[in-house]
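J.: Here you go, one structure.
Written out as structure tokens, the structure reads:
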């Protein structure tokens, strides 16, 4: 057990959280107490500490989108010296939301503002008929997909671009410029094709809009420049339809190595 | 479209079926119309043909157990010349039951009596905390499992044995002797351990009883001969607890190469 400073103003806890988004209206707390991941976890923290605790996530995930390692932080309102924080939160939470890791973080750590990148995975099931065992975690496309063509499109996305064409309505960010450090399609097993994308940040439904567009262009056998044209148009109406949410997983949120070093794992 | 002989007495259809067993009381039709895979599919066939159709499975799977490739057959009561049988059955079925393949089979083919072997997979999630994305398809064991020890136990199970100690109550088979052609544990990815077992046939809950016993013996660091003692005792009370159903998947049912050759794929 690390030596914590109970009630210290410096106390901040970083959590790594997995969730099945199927039954939630996304991460972000909403008015009218709809079912969201954030509110569910805040309720667990409230039960644990006996008073309201704000939980800050690294960003929203949409309705139905999953996470393998979403990051969030909170400042405990009282000593956590005697609490196995992971087990305690999980005990108060439903089985589709599970804390995997907990760290004692410095006060400068902020799950959203300190994030320097995110890794998303989009899983497509590419076989003639549906798979009942993967129906909640993949998007089924029966037409055979040309992996090489998909990869050509993905290559054109890498680097710094204005991704305005791939931002869904209802967002209010200052800049729509983002950097994709890597974007690649991979065949996984005999019948899955995954899109893995690591970027500095992502606009609203950007991954799903990119996947939906790349898949549509591939099925139509369009040339790679077609994607560049859509990108340069800076107009959402140019992008093709958005891929459904259940295939998307937030796989990792990155912070600087310096900040990672200052976070101390609370439990194995 | 193959040239079928409509209304011929020789017409038999072999189906390969995937299902998520979570919401079903197993394969086998029951009195009082409880939710089973067999009854659900027979209802689909009834809608398709306008009259009752019997569907014969290769064997039962228990409540909550999944299948990637269960095999079943039926004799269509009318011509199927103009029916895309896979799409038609799937259209009438819920999304957790999906026909993957359909064959025109000779009348000598019988999903149960012709079967010469089955392959089962049991998935254990071996990590400190649960994974919400795999909770319906794995059994969570937080204590680190010794793969080598598990494999030593499995090696002792291979070959022909009387598996009476691993048969759950409520079964009425003539012989409890079965042959395991292979039985092995594998590490899959960073946090899963799978038991793959290919046998001539399996007794009631045999795979789950074998897995539950091997895992318990491994956690207690028992020597390999302990499993042999349990096997030789021919007494169910000697075996340790049964592993839960959601980790189990029926992966394949085998028939003789001669019979496979006589089955003609109806659709890709």
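Residue numbers (the numbering used here), protein chains in the order written: chain A, 27 to 294; chain B, 27 to 294.
Positions of the beta carbon are idealized from the N, C-alpha and C atoms, including for glycine.
Given the structure is predicted, the values throughout are model-derived calculations rather than measurements.
#1: Under 8 Å by Cβ, that's how I've got residue 238 of chain B and residue 268 of chain B pegged, so tell me the actual separation to the nearest angstrom.
#2: Using 8 Å as the cut-off, can you tell me whether the region 80-98 of chain B makes contact with the region 283-291 of chain A, which would need three or more C-beta pairs spanning the two stretches below that distance?
#3: Counting only Cβ pairs nearer than 7 Å, list the residues of chain A close to residue 158 of chain B.
#4: Residue 127 of chain B: buried (16+ other C-beta within 10 angstroms of its C-beta) or exposed?
#5: Report yes if the CB atom of residue 99 of chain B is closer than 8 Å to the CB atom of residue 131 of chain B, and no otherwise.
#6: Would residue 96 of chain B be called buried (16 or more neighbouring beta carbons within 10 Å of its own) or exposed?
#7: Could you please tell me which residues of the region 147-175 of chain A, in chain order, have their CB closer than 7 Å to any CB of chain B?
#8: Can you give me the Cβ contacts of residue 39 of chain B inside the same chain, cut-off strictly under 8 Å, excluding the 5 residues immediately before and after it?
#9: Of the residues A:279, A:192, A:91, which one's Cα is nearest the Cα of residue 225 of chain A?
#10: Applying a beta-carbon distance threshold of less than 9 Å, which residues of chain B neighbour residue 112 of chain A?
#11: Could you check the C-alpha separation between residue 64 of chain B and residue 139 of chain B for me, to the nearest Å?
#12: CB-CB under 8 Å to residue 176 of chain B, same chain, minus the five flanking residues each way: which ones, in chain order?
#13: For residue 69 of chain A versus residue 155 of chain B, is the C-beta distance shorter than 8 Å?
#14: Excluding the 5 residues preceding and the 5 following residue 91 of chain B in the sequence, name in chain order all residues of the same chain whose CB lies nearer than 6 Å to its CB.
#15: Just the chain A side, please: which residues come within less than 9 Å of residue 116 of chain B by C-beta, in chain order?
#16: Does the beta-carbon of residue 156 of chain B, which I'm using as the reference point, lie nearer than 7 Å to any heavy atom of the ligand GTP?
#17: Tell me the start and end of each unbroken beta strand (DSSP E) in the region 104-151 of chain A that is at least 3 residues and wholly inside, in chain order.
#18: Should residue 21 of chain B and residue 189 of chain B be called a contact, given that it needs their Cβ atoms to be closer than 8 Å?
#19: Taking only runs that begin and end inside the region 52-114 of chain A, name each unbroken beta strand (DSSP E) of 3 or more residues, in chain order.
#20: Would residue 135 of chain A and residue 285 of chain A be called neighbours here (beta carbons separated by less than 8 Å)?
#21: Which residue from B:59, B:77, B:94 puts its Cα closest to that of residue 124 of chain B?
#22: How long is the line joining the alpha carbons of residue 264 of chain A and residue 227 of chain A, rounded to whole angstroms?
#23: Measure the Cβ-Cβ separation of residue 191 of chain B and residue 262 of chain B and say whether it is below 8 Å.
#24: Just the Cα atoms here: how many angstroms apart are residue 180 of chain B and residue 193 of chain B?
#25: Closer than 8 Å between beta carbons: that is the criterion. Which residues of the region 80-96 of chain B meet it against chain A?
#26: Quick check on this structure: which residue in A:148, A:114, A:109 has the alpha carbon closest to the alpha carbon of residue 236 of chain A?
#27: Closest to residue 75 of chain A by CA distance: which of A:114, A:62, A:166 is it?
#28: Judging by CA-CA distance, which residue of A:247, A:251, A:260, A:184 is the nearest neighbour of residue 223 of chain A?
#29: Would you list the one or two residues that DSSP bridges to residue 279 of chain A?
#30: Which residues, in order along the region 272-294 of chain B, keep a beta-carbon less than 9 Å from a beta-carbon of chain A?
#31: Taking its Cβ as the centre, do 16 or more other Cβ atoms sit within 10 Å of residue 158 of chain A, making it buried, or is it exposed?
#32: Under 8 Å Cβ to Cβ from residue 252 of chain A, same chain only, skipping five residues before and after it: list those, please.
#33: Under a three-way DSSP split, which group does residue 284 of chain A fall into?
#34: Roughly how far, in whole angstroms, is the beta-carbon of residue 151 of chain A from the beta-carbon of residue 160 of chain A, given that I think they are within contact range, below 8 Å?
#35: Taking the alpha-carbon positions, what's the residue 162 of chain A to residue 162 of chain B distance?
T.: Let's see:
#1: 5 Å
#2: With the cut-off at 8 Å, the region 80-98 of chain B and the region 283-291 of chain A do not touch.
#3: 44, 45, 46, 121, 122, 123, 124
#4: buried
#5: yes
#6: buried
#7: 154, 155, 156, 157, 158, 159, 161, 163
#8: 99, 100, 101, 102, 106, 111, 128, 129, 130, 131, 292
#9: A:279
#10: Within 9 Å Cβ-Cβ: 154, 155.
#11: 17 Å
#12: 211, 219, 221, 240, 241, 244
#13: Contact annotation: residue 69 of chain A and residue 155 of chain B have beta-carbon atoms that are not nearer than 8 Å.
#14: 47, 271, 274
#15: 155, 156
#16: No copy of the ligand GTP occurs in the structure displayed, which carries no ligand at all.
#17: Runs of the beta strand (DSSP E) inside the region 104-151 of chain A: 123-131, 143-151.
#18: Nothing in the structure corresponds to residue 21 of chain B, since chain B is present only between 27 and 294.
#19: Runs of the beta strand (DSSP E) inside the region 52-114 of chain A: 92-100.
#20: Taking the C-beta atoms as reference points, residue 285 of chain A is found nearer than 8 Å to residue 135 of chain A.
#21: Here the closest residue by C-alpha is B:94.
#22: 21 Å
#23: In this structure, residue 262 of chain B lies closer than 8 Å to residue 191 of chain B by Cβ.
#24: Taking the straight line from one Cα to the other gives about 17 Å.
#25: Considering only beta carbons, the part of the region 80-96 of chain B lying closer than 8 Å to chain A consists of 92, 94, in chain order.
#26: A:148
#27: A:114
#28: Of the candidates A:247, A:251, A:260, A:184, the residue whose Cα lies closest to the Cα of residue 223 of chain A is A:184.
#29: A:144
#30: 275, 293, 294
#31: Result: buried.
#32: 243
#33: helix
#34: So it is a contact: roughly 6 Å between Cβ atoms.
#35: 11 Å
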